[in-house]
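This report refers to the structure that appears directly beneath it.
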Amino acid sequence: MQYPLKSKAEKPGFSFLVKTNTAKHSYYLFSDLERALNKARVLSLTEFPLSIVYEPCQDKDGEWHLKKTYSYFSGKCYLEEDTKMELHVKFYIEAGQWLNPDEPLKKS
Numbered sequence: 088m089q090y091p092l093k094s095k096a097e098k099p100g101f102s103f104l105v106k107t108n109t110a111k112h113s114y115y116l117f118s119d120l121e122r123a124l125n126k127a128r129v130l131s132l133t134e135f136p137l138s139i140v141y142e143p144c145q146d147k148d149g150e151w152h153l154k155k156t157y158s159y160f161s162g163k164c165y166l167e168e169d170t171k172m173e174l175h176v177k178f179y180i181e182a183g184q185w186l187n188p189d190e191p192l193k194k195s
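Terminal number for the sequence shown in the working numbering: 195, no gaps in between.
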C-alpha cells in the first residue's frame with residue numbers, strides 16, 4: 088500500500104517518515120515524534136544498523152521534499168543539523184510501500 092499523495096505540491100498529512108538506509112524504499116509514517124524516533128531506534132537494532140527519520144519541508148516553489156532530521160546507528164540517536172533537502176516526498180512515497188497504514192496521522 089502507498090500513502091495517497093496526488094502531487095509534489097500537496098502537503099503531506101504526516102510529520103515524519105522513517106526508513107532504513109538500504110535499497111529498500113518501504114517506509115513508516117508518523118505524526119508523533121516520539122513514535123517515529125522509537126521506530127527508527129528499533130529498526131536500527133533489529134533490521135539494519137542505520138535508520139533515518141525525515142521531516143517534510145516545503146521549497147520556494149511550493150513543492151514538498153524530505154529532510155533528514157535524525158539518524159539512528161545501532162540504537163544510538165544522532166541529530167542531523169544543516170542537512171540539505173532530499174528528493175520530493177512524492178518520489179519516496181511512490182518508490183516504496185507504506186508499512187504502518189493503521190498509524191493515526193494528523194489531518195492535512
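Don't be surprised by glycine CBs; every beta carbon is placed ideally from N, CA and C.
Which residues does DSSP pair with Thr-107 in a beta bridge?
In DSSP, Thr-107 forms a bridge with Ser-138.
Taking the alpha-carbon positions, what's the Leu-186 to Glu-168 distance?
27 Å
Rounded to the nearest angstrom, how far is the Cβ of Ser-138 from that of Val-105, given a contact under 8 Å?
With a contact defined as Cβ atoms closer than 8 Å, Ser-138 and Val-105 qualify at about 6 Å.
In the DSSP assignment, find the alpha helix (DSSP H) that holds Leu-132 and state where it starts and stops.
120 to 133
On a Cα-Cα basis, can you pick out the residue from Arg-128, Asn-125, Leu-153, Ser-102 that is closest to Phe-117?
Ser-102
Please look up how many angstroms separate the CB atoms of Ile-180 and Leu-120, rounded, as I've assumed it's under 8 Å.
Actually they are not in contact, since the Cβ atoms of Ile-180 and Leu-120 sit about 20 Å apart, beyond 8 Å.
Could you give the first and the last residue of the continuous beta strand (DSSP E) run that contains Glu-173?
172 to 175
Measuring CA to CA, which of Pro-136, His-112, Thr-107 is closest to Tyr-90?
His-112
Going by alpha carbons, who is nearest to Trp-151 out of Gly-162, Leu-174, Ser-158?
Closest by alpha carbon: Leu-174.
On the premise that Tyr-141 lies in contact with Gly-183, defined as a C-beta separation below 8 Å, what is that separation, rounded to the nearest angstrom?
Contact doesn't hold; Cβ gap of about 12 Å is too wide.
Once DSSP output is grouped into helix, strand and coil, what is the label at Phe-160?
strand
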